[in-house]
Amino acid sequence: MYLDLDIKDINKLLKMKKIKPIDLVNEAFDKIEKSNLNCFITLNKEEAIKKAIELEDKEVDNLLFGLPIAIKDNIVTKNLRTTAASHMLEDFIPIYDATVIKKINDANMIIIGKTNMDEFAMGSTSETSYFGPVLNPIDNSKVAGGSSSGSAACVAAGLTRFSLASDTGGSIRQPSSFCGVVGLKPTYGRVSRFGLISFASSLDQIGPITKTVLENALLLNVISGYDVNDLTSSKEIVKDYTSLIGKDISGLKIAVPNYYMSDVVSISVKNKILSIIDILKSKGAKVDYIDIPYLEYAIPLYQIIALAEASSNLARYDGVRYGLKVDDYKDINDLYKKTRTLGFGDEVKRRIMIGTYILSGENAKNYYYKALKVRKSLTDAFKDVFLKYDLIIGPTNTDVAYNFNVLSNDALKTFYDDLLTIPVNMAGLPALSIKIGENEFNLPIGMHIIGSYFCEDKIYQLASMIEKIREDVK
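Here my numbering is used: position 359 in the sequence shown is 1371, and no number is missing along the way.
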């Protein structure tokens, strides 16, 4: 199967005209049709085949040329249904492309469909999706994570090698860890958010999920850059994020926060991290255990800031301009009530209600503005660490993928899936999850690599070394 080959080999075959883009597209759709994972909400078959045929006469000018890619269903795609996994947007057809979609098209990649997710990216298991949960491809009885479950699972299952996703508190890295793939949340502002359906605007970031570290870096090269349509996007020069892949890590200074190795982390995950730390030291890296203040406040910070921003962002779904339409209503207030009652799922309603309470009257001063001050203190604490260290590492999650319905009766516990990933979003830092092994039940264990602002290249440097060690062990 061509999609199982190294992308350099695929690229060589395309250049030699031994295969065509249509062969890759047909293989992807064949795999999707045989899959039972529920990774996709909407397929783009007709347009994908059309583009693949158009590319046959074009020069193969980059490593991603002609390769299929899946897009999380909260990234808008012109004329292709975009639902955010919600009944509210079940029939929404955007009239424009997100900036990242334009960049994907310019690189001549082929969009094969929109991936399943937690509704409006609110959840950590995909169980809040209006279209049903995604199954973990390693063990179908386990969750694939969330909210970017479909994007991670389709890559892990080999349905496609590339996907785009979004990360608000860990939604790229947590499912990447559960599914055993490579997922990166870039520096806030590195990738345009224009066309991303907002959850929490100061935390959201689009990023790549891929099979390998090189593929991840190549995709980040494509989607990065300043965008005049996104006032939060950065004018920082885009590096070649592949430049340090495979380079020696001797001399790298790495910090391990004690918070990330506490008793909440399972023994199997902790032991695997410790074994990697031993290898890093043997390769010449300097590794220290440190304390970072304010990390323990990450969950309440997220609950206040993310939910407040969510209630504001989702106020636009009122049944008037777009989204779900209801006919049987008495007045405008009744229209709002019925639209939002029918359109939103329970988790989204819960978060909107909490967020609205947080922003109401004196609560904004007592909770939201106070949380912003603590967030700045946490950000400053990270900045202090990166004055001394190149990278921070630890486990991505406290444990491996678990069974369905485990968190369904406890709304608060869902946030604790992102206990170790949320601090990164609060500070706007880049971070990656990469598989470092499995537990005794062959479920993937992910390691979290955190870098300083716009230092994704250093993250990839360490990740590529870990990837090589993992392959050598095989």
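Think of the CB as a built atom: it goes at the ideal place given N, C-alpha and C, for glycine as much as any other residue.
Under the three-state DSSP convention, the category F1174 falls into = Residue state, collapsed to three classes: strand.
Helix, strand or coil, according to DSSP, for N1074 in the structure here? For N1074, the three-state secondary structure derived from DSSP is coil.
Who are the Cβ neighbours of K1298 in its own chain at under 6 Å, not counting the five residues just before and after it? K1265
| said: For a quick check, are the C-beta atoms of V1281 and T1433 less than 8 Å apart? | reply: Against a cut-off of 8 Å, the Cβ pair of T1433 and V1281 comes out as no contact.
For the alpha helix (DSSP H) that A1168 lies in, which residues bound it at each end? Its alpha helix (DSSP H) spans residues S1161 to A1168.
task = Check whether the Cβ atoms of P1442 and E1483 sit closer than 8 Å, and answer yes or no.
result = Taking 8 Å as the Cβ cut-off, P1442 and E1483 do not qualify as a contacting pair.
### Message
Classify Y1271: buried if its beta carbon has 16 or more other beta carbons within 10 angstroms, exposed otherwise.
### Response
buried
- Query: What is the C-beta distance between P1149 and C1191, in whole angstroms, given that I count them as a contact (C-beta under 8 Å)?
  - Reply: 6 Å
Q. Taking the beta strand (DSSP E) that M1013 falls in, what are its first and last residues?
A. First-last for M1013: undefined, no H or E at that position.
Nearest-angstrom Cβ-Cβ length linking G1219 and P1187, presumed shorter than 8 Å
So it is not a contact: roughly 12 Å between Cβ atoms.
*With 8 Å as the threshold, decide whether the Cβ of F1077 is near any Cβ in chain B.*
The chain inventory of the structure shown lacks chain B, comprising one protein chain alone.
_So, for A1322: in the same chain, excluding its five sequence neighbours on each side, which residues have a beta-carbon less than 6 Å away from its beta-carbon?_
Result list for A1322: F1211, A1212, R1363 and G1367, in chain order.
Are at least three pairs of beta-carbons, each pair with one atom in the segment 1332 to 1347 and one in the segment 1273 to 1292, less than 8 Å apart? no
Opening and closing residue of the alpha helix (DSSP H) in which F1052 lies: From DSSP, F1052 is part of no alpha helix (DSSP H) but of the beta strand (DSSP E) over F1052 to L1055.
Between F1427, E1450, Y1014 and T1391, which has its C-alpha nearest G1463's C-alpha?
T1391
- Message: Once the 5 residues before and after P1106 are set aside, which same chain residues still bring their CB inside 7 Å of it?
- Response: V1088, T1089, K1090 and T1094
*asked:* Taking the alpha carbon of I1235 as the reference point, which residue from I1083, I1065 and D1340 has its own alpha carbon closest?
replied: I1083
Looking at the unbroken beta strand (DSSP E) that takes in S1445, where does it start and where does it end?
A1443 to E1450
| message | Within a Cβ cutoff of 6 Å, which residues of the same chain sit near D1515, ignoring the five residues on either side of it in sequence? | response | The structure shown does not extend to residue 1515, since the chain is modelled only from 1013 through 1486, so no value can be given for it.
According to the neighbour-count rule (16 or more other Cβ atoms, all chains shown, within 10 Å of its Cβ), is P1435 buried or exposed? buried
Original post:
Can you give the Cα-Cα distance for E1450 and S1189, rounded to whole angstroms?
Top reply: Straight-line Cα distance between these residues: approximately 10 Å.
Next on the checklist: Excluding the 5 residues flanking G1135 on each side, which residues of the same chain have their C-beta closer than 6 Å to its C-beta?
Outcome noted: Cβ-Cβ distances below 6 Å link G1135 to G1158, S1159 and E1359 in the same chain, with the five nearest sequence neighbours on each side left out; the list follows chain order.
Q) Are the segment 1252 to 1262 and the segment 1118 to 1127 touching, with three or more C-beta to C-beta distances below 8 Å? A) As far as the Cβ criterion goes, the segment 1252 to 1262 does not touch the segment 1118 to 1127, which means the pair count is below three.
Report buried or exposed for I1113, applying the criterion of at least 16 other Cβ atoms within 10 angstroms of its Cβ.
buried
*Alpha carbon to alpha carbon, how far is F1104 from D1339?*
18 Å
C-alpha gap between I1457 and K1447, whole angstroms: 6 Å
- request: Using beta-carbon positions only, say whether Y1348 and G1335 come within less than 8 Å of one another.
  value: For Y1348 and G1335, no; Cβs fall outside 8 Å.
Quiz prompt | Rounded Cβ spacing between I1481 and I1291 (contact assumed at less than 8 Å) | solution = 6 Å
Enumerated in chain order, which unbroken segments of the beta strand (DSSP E) with a length of 3 residues or greater are wholly contained in the segment 1358 to 1443? Counting whole runs of 3 or more residues, the segment 1358 to 1443 contains the beta strand (DSSP E) stretches 1403 to 1407.
Are there 16 or more other CB atoms within 10 angstroms of the CB of R1202, so buried, or fewer, so exposed? buried
message = Using a Cβ-Cβ cutoff of less than 7 Å, which residues in the same chain neighbour E1058 once the five nearest sequence positions on both sides are dropped?
response = none
Buried or exposed (CB count within 10 angstroms, at least 16 for buried), D1179:
buried
Inset, instruction - With DSSP as the reference, label V1299 as helix, strand or coil. - result: Looking at V1299 - three-state DSSP - the assignment turns out to be strand.
Classify S1188 as helix, strand or coil using the three-state DSSP reduction.
helix
Going by other Cβ atoms of all chains shown within 10 Å of its Cβ, with 16 needed for buried, is P1407 buried or exposed? buried
Can you look up M1459 in the DSSP assignment and give me helix, strand or coil?
DSSP places M1459 in strand when its eight states are reduced to three.
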